[in-house]
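Novice: Residue numbers (this note's numbering): 4 to 100. Backbone N, C-alpha and C fix where the C-beta goes; we use that ideal spot for every residue, glycine too. Model, not experiment: these values are computed from the prediction. My questions will all concern the structure given below.
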Amino acid sequence: MSVMVLLEMQVKPEAVEEVKASLKTILPDTRSYAGCQGIDIYSNLDNGGNLVFYERWDSRDHYQKYLNWRTETGVLSQLVAKLSGPPNIRYFDHVDA
4 MSVMVLLEMQ VKPEAVEEVK ASLKTILPDT RSYAGCQGID IYSNLDNGGN LVFYERWDSR
64 DHYQKYLNWR TETGVLSQLV AKLSGPPNIR YFDHVDA
């Protein structure tokens with residue numbers, strides 16, 4: 004069963020446009036990573052530096068492998084340096100209701 008991942012981050016005001024441009028460059032690799040079913044990024048209408056990543060993965064393990072890869076390549080630390088605090092990652096299963 005697939006997993007939905009919500010990642011929320013607050014980008015420092017001076018880095019918002021740089022982060023958005025960077026995401027355009029790195030997200031094709033995310034979308035083609037094993038287990039990724041899709042990813043969309045949303046910007047808060049009242050706070051443009053507040054970004055929410057809506058991601059669908061085959062499993063939590065697939066996402067964790069992806070996150071480990073992004074850590075090993077240094078991309079994650081470069082991104083976190085532009086945030087005003089740590090990102091918030093939450094995992095969800097589909098509810099058949």
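#1: Within a Cβ cutoff of 6 Å, which residues of the same chain sit near residue 22, ignoring the five residues on either side of it in sequence?
#2: Do residue 61 and residue 5 have their beta-carbon atoms positioned less than 8 Å apart in this structure?
#3: Classify residue 69 as buried or exposed, calling it buried when 16 or more other Cβ atoms lie within 10 Å of its own Cβ.
#4: Taking 8 Å as the threshold (C-beta atoms), are residue 30 and residue 42 in contact?
#5: Contact defined as beta carbons within less than 8 Å: I believe residue 91 pairs with residue 11. What is the distance between those atoms, to the nearest angstrom?
#6: With residue 9 as the anchor, note down where its alpha helix (DSSP H) starts and where it stops.
#7: Does DSSP put residue 64 in a helix, in a strand, or in coil?
Specialist: Answer, in terms of the structure:
#1: As a first step, residue 22 is located in the sequence shown; it is residue number 19 there, counting from the start. Closer than 6 Å at the Cβ level, and outside the excluded window around residue 22, lie 14 and 85.
#2: Against the sequence shown, residue 5 aligns to sequence position 2. Against the sequence shown, residue 61 aligns to sequence position 58. Judged by beta-carbon spacing, residue 61 lies within the 8 Å limit of residue 5, meaning their Cβ atoms are closer than that value.
#3: Here residue 69 refers to the residue found at position 66 of the sequence shown. When all chains shown are included, residue 69 counts as buried.
#4: On the sequence shown, position 39 is the one that residue 42 refers to. On the sequence shown, position 27 is the one that residue 30 refers to. A contact, by the Cβ cut-off of 8 Å.
#5: As a first step, residue 91 must be located in the sequence shown, where it is residue number 88. As a first step, residue 11 must be located in the sequence shown, where it is residue number 8. Taking 8 Å as the upper bound for CB-CB distance, residue 91 and residue 11 are in contact here, some 5 Å apart.
#6: Locating residue 9 in the sequence shown gives position 6, counting from the first residue. Here residue 9 belongs to no alpha helix (DSSP H); instead the beta strand (DSSP E) covers 6-13.
#7: As a first step, residue 64 is located in the sequence shown; it is residue number 61 there, counting from the start. Residue state, collapsed to three classes: helix.
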